[in-house]
Amino acid sequence: MGRRAIVAGTGFGLRVHVPALRAAGFEVAALVGQDVERTTRRAQRIGVAAGFDSLAAALEATAADVVTIATPPDTHAELAALAIAAGRHVVCEKPLALTVAQAERVTEAAAAAGLVALVGTEFRWDPAIEAVREAIATGLVGRPHTATIIRSYPILAAADAGAPGWWFDPARGGGWLRANGTHLLDQLQLWLGPIAEVSATLGQAVPRPAGAADDGYGVLLRTASGATGVLQECAAAWGEPAEVTRVAGTAGTVSIVDGHAFLATADGTRRLTPQPPPPPAADAADPRPWTALEIAAYTGLAQWLYRRLERPDEPPAPEFPRPATFADGLSVLRVVEAIQASAERHRTVTVPARPRGAR
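Its first residue numbered 5, the sequence shown is counted upward by one per residue in our numbering.
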């Protein structure tokens, strides 16, 4: 009998978790959503045996090995705790929980139960991101001293952007920092080690109801190893997406350009990543062009988990990529809370006006 999984969440869970788990060899035994009739119809449409409106019911009805959680962030800790209490391994979307305190509890519970507990920062399986990690780890850039990550997207540029309601609700874990910044914070800590200090702002480029969460942010940071960096994103910028990713060191600079990693040294520039295979086909009805890339990366994560469960008595393999654990997710959430605290406590300094007639 093969490995079986329960998927909680009928948005990203249905769109990405289900095909990735299947590609890795898992049988998806159940789908969990808010409405049992609608969830059952969706489950039947994609060939999943059962639909439920509660994870507790799905746990009781199935002998699944794994629970994957792709629900809004304010539900993550409760669902992860349910799965852990039932003795199931867990993959939880980021952010791991709504607060650091919640994340600490589920991390401790998973460790005490001896379960595999992972966070869905699937882009660790992006070949370019892994190539940057390896270049830094093997000393190709020397001592890393400066990191620059800048992102600009039109996803939320329209005031009526079609995003899930919780995305704009801070009480539910909304905001672009938590939705996407957690990916980038995980990558920075994977590459450079723990982030020790931040100075940050949270932005709202598009007017939304009072109290709505951020659609962009800017962070100046320092790592425990002494590297400095800037992390900036805006999800409300009209035009084509734009991305800058660079880590500079004493011997070279590693960058990601158009999905490929490059190393620049005194001897010139060379590409570190081979031409990748075409990504798996996404649902033709899905208007999001990045879905296929998400499925490809998530398949790598799911394959790692499948191998780990098939050989539980073997020590974890040393090879990379390797997934983010709950401990990694907790570390990222600590940085998120530090960013939010910095943004809330900032002092505005007015630049003196230039005197009239001055050049």
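We put the beta carbon where it would ideally sit given N, CA and C, even for glycine.
Computed from a predicted model, the values in this text were never measured in an experiment.
N- and C-terminal bounds of the beta strand (DSSP E) containing G51: Element bounds for G51: n/a, residue is neither H nor E.
I'd like to know if T277 contacts chain B, where contact means its C-beta is closer than 8 Å to some C-beta of that chain. Annotation note: the requested chain B is absent from the structure, which comprises a single protein chain.
Just to confirm my understanding: we take A240, look at its own chain, exclude 5 residues before and 5 after, and list those with CB closer than 6 Å. What are they? L160, A161, A209, V210 and D219
Assigned exposure category for R275 - 16 Cβ within 10 Å defines buried: exposed
Should T295 go down as buried or exposed, given a rule of 16 or more other Cβ atoms within 10 Å for buried? buried
Answer yes if the segment 189-209 comes into contact with the segment 225-234, meaning at least three C-beta pairs across the two stretches below 8 Å, and no otherwise. yes
Threshold first: 3 residues or longer. Then list the beta strand (DSSP E) segments lying entirely within the segment 42-128, N to C. 54-56, 70-73, 93-96 and 121-123
From the DSSP secondary-structure annotation, give me the bridge partner or partners of T150. T232 and A252
Distance, Cα to Cα, L188 vs S58? 31 Å
Is there contact between the segment 112-119 and the segment 78-98, where contact requires at least three CB pairs shorter than 8 Å? yes
Check the DSSP bridge columns for H21 and list the partner residues they point to. Its beta-bridge partners do not exist; DSSP assigns none.
Nearest to P148 (by Cα), restricted to the options G118, A252 and R49: A252
Pick helix, strand or coil for V210, following the three-state DSSP scheme. coil
C-beta atoms of T14 and T44 nearer than 8 Å: no
DSSP three-state label for Q344, please. helix
Compute the beta-carbon to beta-carbon distance between A12 and A74, rounded to the nearest angstrom, for a pair I have assumed lies under 8 Å. 7 Å
Per DSSP, which residues does A328 bridge with? Please list them. V123
Where does L160 sit, in a helix, a strand or coil, going by DSSP? coil
6 Å CB neighbourhood of P278 in its chain, flanking five on each side removed: none
Using 10 angstroms around the beta-carbon of T254, count the other beta-carbons present and answer buried if the total reaches 16, otherwise exposed. exposed
So for A240, helix, strand or coil by DSSP? coil
Please list the terminal residues of the continuous beta strand (DSSP E) segment that includes R7. No beta strand (DSSP E) holds R7; DSSP gives it neither H nor E.
Once you ignore the five residues that flank A101 on each side, which residues in its own chain have a CB closer than 6 Å to its CB? H80, A81 and A107
Looking only at C-alpha atoms, which of H93, I133 and A121 sits nearest to R250? I133
Per DSSP, the bridge partner or partners of T273: A268
Three-way DSSP call (helix, strand, coil) for T186 in this model: helix
Cα separation between L235 and I153? 5 Å
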